[in-house]
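Colleague:
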Amino acid sequence: MSTLLAHRVAQMKSSASIAAKKKVTELQAAGHQIVDLTVGEPDLDTPGHIIDAAIQAMRNGETHYTATPGTPALRAAIGSKLRRENGLQFAPENIVVGSGAKQIILSAFEATLNNGDEVIIPAPFWVSYPDMVKLYDGKPILVVCPESDGFKLTADALEAAITPKTRWLVLNSPNNPTGSVYSREELSALSEVLLRHPHVMVLTDDIYEHIIFDDAEFINVVQCEPRLFDRTLVVNGLSKSFAMTGWRVGYGAGPVDLVNAIVKLLGQSTTCASSISQAAAVAALDGKQTFVTSSRAEYLKRRDRMMELIEEIPGISVTKPDGAFYLYPSVEGLIGRTTPEGKVLQNDLDVSIYLLEAGKVAVLDGAAYGLSPYLRLSFATSLSAIEAGCKQMADAVSKLR
Ligand code: PLP
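Take the position in the sequence shown, starting the count at 1, then add 507; the result is the number in this note's numbering.
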């Protein structure tokens, strides 16, 4: 007899990026040389002073449960970070630490969604949002943001999507998967709409805040419009900025009743984020920030090289991303083309499968991110992998009829 699963789990999709990682690992284990451009995490190592702080914490006996919302030291460090870098004043009771930003986002939905409540998610989106919403009986309202709008939500599209059942708007800038970054003007226009609809809360997922290029500037919606302060949850974490994905530390800052509800949920699930990781996070936030700038310079070099190589491939076109570590090229020019085996490429999933099989390069299809026909290519990998991957893509594409 097969295991009886709850409907909410049975209907849930697995994370596309986690599934891709598994597939690549399996292929590599079977002896295939695959260039992996699916990675959603920095390939760089966590800076040494952060690791030292974790070791010191263990030596000091900081190996026990902590307070559920986070250690006082970490909540203070997060409060200082939000003041220093974002000009936002959050008291410790407005801050909750979780095992990654992912847990905070999930818990925010768990804490607030009732059956049929709507969550506006601009597409392309980070793959997890819609399934997280569905897990708590919410209804994801996917609003397509075409490339011609810079993959960004416009005020008109937001206005049209809001209903009396709207509970949240999710904003993610810099965006995974497009790398688009909202400007102050664009956020002002969205804020004007939001001010007309006081029942809508805003979740701003700022996880890629520091990975930003050229003249783009990071700003979130509540920095832009302080009147949204009482209904915005700022979500951020250490994963991307400090190459700390495996440490699992993220946080939310927002209204105290929402934060308390999240704390209640964490208290009945994980109890607290790892005590050791929290100590490391204090060192990351309070310590020298050189890694943030040096890694940004490294990603910029890689972005530019990948742009150069992708732009040379006929049938693929790409808008330059202002942030994060992904390109989101259109493969419209490849749809309808035929592989040497005689298969017609019908959609971006077909393209990604063809590139994996014929080019030995792993990429993710845009369908997983809510806008086709696109691919998501990660440049959080070495320059040599970027060069090899793009060359293999170009060779595979050149064989299409
Ligand atoms: N939000 C976005 C947009 C992401 O891309 C990711 C990770 O890929 C997360 C949140 C989760 O980050 P964390 O590692 O802090 O859970």
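Ideal Cβ positions, reconstructed from N, Cα and C, are used throughout, including at glycine.
Just the residues with CB closer than 6 Å to a heavy atom of the ligand PLP, in chain order, which are they?
Modeller: Here the residues come out as G547, G607, A608, K609, W633, N679, N683, D712, I714, G744, S746, T752, G757.
Colleague: Pull up the distance between the alpha-carbon of V825 and that of T545, whole angstroms please.
Modeller: Here residue 825 corresponds to residue number 318 of the sequence shown, with the count starting at 1. Here residue 545 corresponds to residue number 38 of the sequence shown, with the count starting at 1. Cα to Cα, the separation comes out at about 17 Å.
Colleague: When the Cα atoms are used, what is the spatial distance from N767 to G761?
Modeller: As a working note, residue 767 is residue 260 in the sequence shown. As a working note, residue 761 is residue 254 in the sequence shown. Between N767 and G761, the C-alpha separation is close to 10 Å.
Colleague: Look up I719 in the DSSP assignment and say whether it is helix, strand or coil.
Modeller: Taking the first residue of the sequence shown as 1, we reach residue 719 at position 212. Residue state, collapsed to three classes: strand.
Colleague: Based on the DSSP output, what are the partners of I628 in its beta bridges?
Modeller: By one-based count along the sequence shown, residue 628 stands at place 121. Per DSSP, L649.
Colleague: To the nearest angstrom, report how far apart L913 and N567 are at their CA atoms.
Modeller: Past the boundaries of the shown model lies residue 913; the chain is included only from 508 to 908, so the question cannot be answered.
Colleague: Going by DSSP, name the residue or residues bridged to S837.
Modeller: Position 330 of the sequence shown, counting from 1, holds the residue named residue 837. Bridge partners of S837: S824, Y881.
Colleague: Under 7 Å from any heavy atom of the ligand NAP, does the C-beta of A618 make it?
Modeller: The ligand NAP is not part of this structure, which contains only the ligand PLP.
Colleague: Compute the Euclidean distance between the alpha carbons of D543 and A536, then round it to the nearest angstrom.
Modeller: Reading the sequence shown from its first residue, position 36 is the one you call residue 543. Reading the sequence shown from its first residue, position 29 is the one you call residue 536. Spanning the two alpha carbons is a distance of roughly 13 Å.
Colleague: Spatial neighbours of L534 within its chain, please: CB distance less than 6 Å, with the 5 preceding and 5 following residues excluded, ordered by chain position.
Modeller: In the sequence shown, residue 534 corresponds to position 27, counting from 1. Closer than 6 Å at the Cβ level, and outside the excluded window around L534, lie I541.
Colleague: Name, in chain order, the residues that DSSP records as bridge partners for L678.
Modeller: Walking along the sequence shown from the start, residue 678 turns up at place 171. Note: L678 sits in a beta bridge opposite T711.
Colleague: Go through the region 731-789 residue by residue and report every complete run of the beta strand (DSSP E) that reaches 3 residues or more, in order.
Modeller: Counting only runs of 3 or more, we get 739-744, 757-760.
Colleague: D922 by DSSP, collapsed to three states: which one?
Modeller: It is not possible to answer for residue 922, since the shown part of the chain is limited to 508 through 908.
Colleague: In whole angstroms, what is the alpha-carbon distance linking E617 and A831?
Modeller: Numbered from 1 along the sequence shown, position 110 holds the residue referred to as residue 617. Numbered from 1 along the sequence shown, position 324 holds the residue referred to as residue 831. Between E617 and A831, the C-alpha separation is close to 27 Å.
Colleague: Name the residue from Y881, C897, L863 whose alpha carbon lies nearest to the alpha carbon of T532.
Modeller: Residue numbering aside, residue 532 sits at position 25 when the sequence shown is read from its first letter. Per the Cα distances, L863.
Colleague: Counting C-beta neighbours from all protein chains within 10 Å, is the total for K771 16 or more, i.e. buried, or is it exposed?
Modeller: For this step, residue 771 is matched to residue 264 along the sequence shown. Its Cβ having fewer than 16 others within 10 Å, K771 is exposed.
Colleague: Quick check on T800: buried or exposed, where buried means 16 or more other Cβ atoms within 10 Å of its Cβ?
Modeller: Your numbering for residue 800 matches position 293 in the sequence shown. The residue in question, T800, is exposed, as its Cβ has fewer than 16 Cβ neighbours within 10 Å.
Colleague: If you follow the beta strand (DSSP E) that V603 is in, where does it begin and where does it stop?
Modeller: Within the sequence shown, the letter at position 96 stands for residue 603. Run containing V603: 602-605, per the beta strand (DSSP E) assignment.
Colleague: Cutting at 7 Å between CB atoms, please list the residues of its own chain near T575, excluding the five before and the five after it.
Modeller: Your numbering for residue 575 matches position 68 in the sequence shown. If we look at T575 and ignore the five residues flanking it on each side, its Cβ neighbours are V770, L773, G774, T778, C779.
Colleague: Around the C-beta of K588, are 16 or more other C-beta atoms found within 10 angstroms, so that it is buried, or is it exposed?
Modeller: For the purposes of this step, residue 588 is identified with residue 81 of the sequence shown, where counting begins at 1. Answer is buried; the Cβ neighbour count reaches 16.
Colleague: Cutting at 8 Å between CB atoms, please list the residues of its own chain near L735, excluding the five before and the five after it.
Modeller: Residue 735 sits at position 228 when you count from the first residue of the sequence shown. So the list reads S698, L701, L702, V709, V728, V729, once near-sequence residues are dropped.
Colleague: For the alpha helix (DSSP H) that contains M900, what are its first and last residues?
Modeller: As a position in the sequence shown, residue 900 is number 393, starting the count at 1. Segment 890-905, the alpha helix (DSSP H) holding M900.
Colleague: Is it true that the region 613-630 meets the region 640-647, where meeting means three or more beta-carbon pairs spaced less than 8 Å apart?
Modeller: Cβ pair count under 8 Å is three or more, so yes.
Colleague: Given Y806, which residues of its chain have a CB within under 8 Å of its CB, disregarding the five upstream and five downstream residues?
Modeller: Taking the sequence shown and counting its residues from 1, one reaches residue 806 at position 299. These residues qualify, in order along the chain: I718, F720, F832, F886, A887.
Colleague: Classify L665 as helix, strand or coil using the three-state DSSP reduction.
Modeller: Along the sequence shown, one-based indexing puts residue 665 at 158. Three-state DSSP puts L665 in a helix.
Colleague: Between the Cα of P579 and those of A788, E724, L745, spot the shortest distance and give me the residue it belongs to.
Modeller: As a first step, residue 579 must be located in the sequence shown, where it is residue number 72. Comparing Cα positions, the closest option is A788.
Colleague: Would you tell me roughly how many angstroms separate the C-alpha atoms of T711 and M639, rounded to the nearest one?
Modeller: Looking up residue 711 in the sequence shown gives position 204. Looking up residue 639 in the sequence shown gives position 132. Computed Cα separation, rounded: 15 Å.
Colleague: Assign V728 to one of three DSSP states: helix, strand, or coil.
Modeller: Here residue 728 corresponds to residue number 221 of the sequence shown, with the count starting at 1. If DSSP states are grouped into helix, strand and coil, V728 belongs with the helices.
Colleague: Just to confirm, are Y572 and P684 a CB contact at a threshold of 8 Å?
Modeller: In the sequence shown, the residue the question calls residue 572 occupies position 65. In the sequence shown, the residue the question calls residue 684 occupies position 177. It is not a contact, given that the beta carbons lie outside the stated cut-off.
Colleague: Starting from I817 and walking both ways along the alpha helix (DSSP H), at which residues does that stretch end?
Modeller: Reading the sequence shown from its first residue, position 310 is the one you call residue 817. Start and end: 797-818.
Colleague: Report buried or exposed for R515, applying the criterion of at least 16 other Cβ atoms within 10 angstroms of its Cβ.
Modeller: The count along the sequence shown starts at 1 and reaches residue 515 at position 8. Exposed is the call here.
Colleague: Any chance the region 590-605 sits against the region 650-662, with 3 or more Cβ pairs inside 8 Å?
Modeller: No, they do not touch.
Colleague: Do Y876 and P631 have their C-beta atoms within less than 8 Å of each other?
Modeller: By 1-based counting over the sequence shown, the position of residue 876 is 369. By 1-based counting over the sequence shown, the position of residue 631 is 124. Closer than 8 Å, so yes.
Colleague: Excluding the 5 residues preceding and the 5 following S695 in the sequence, name in chain order all residues of the same chain whose CB lies nearer than 8 Å to its CB.
Modeller: Working through the sequence shown from its first residue, we reach residue 695 at position 188. These residues qualify, in order along the chain: C731, E732.
Colleague: How close, in whole Å, do the beta carbons of T570 and S782 come, if the pair is a contact with beta carbons under 8 Å?
Modeller: The sequence position of residue 570 within the sequence shown is 63, counting from 1. The sequence position of residue 782 within the sequence shown is 275, counting from 1. The Cβ separation is near 6 Å, so the contact holds.
Colleague: Can you give the Cα-Cα distance for K867 and G577, rounded to whole angstroms?
Modeller: Start at 1 with the first residue of the sequence shown, and residue 867 comes out as number 360. Start at 1 with the first residue of the sequence shown, and residue 577 comes out as number 70. Approximately 43 Å between the Cα atoms of the pair.
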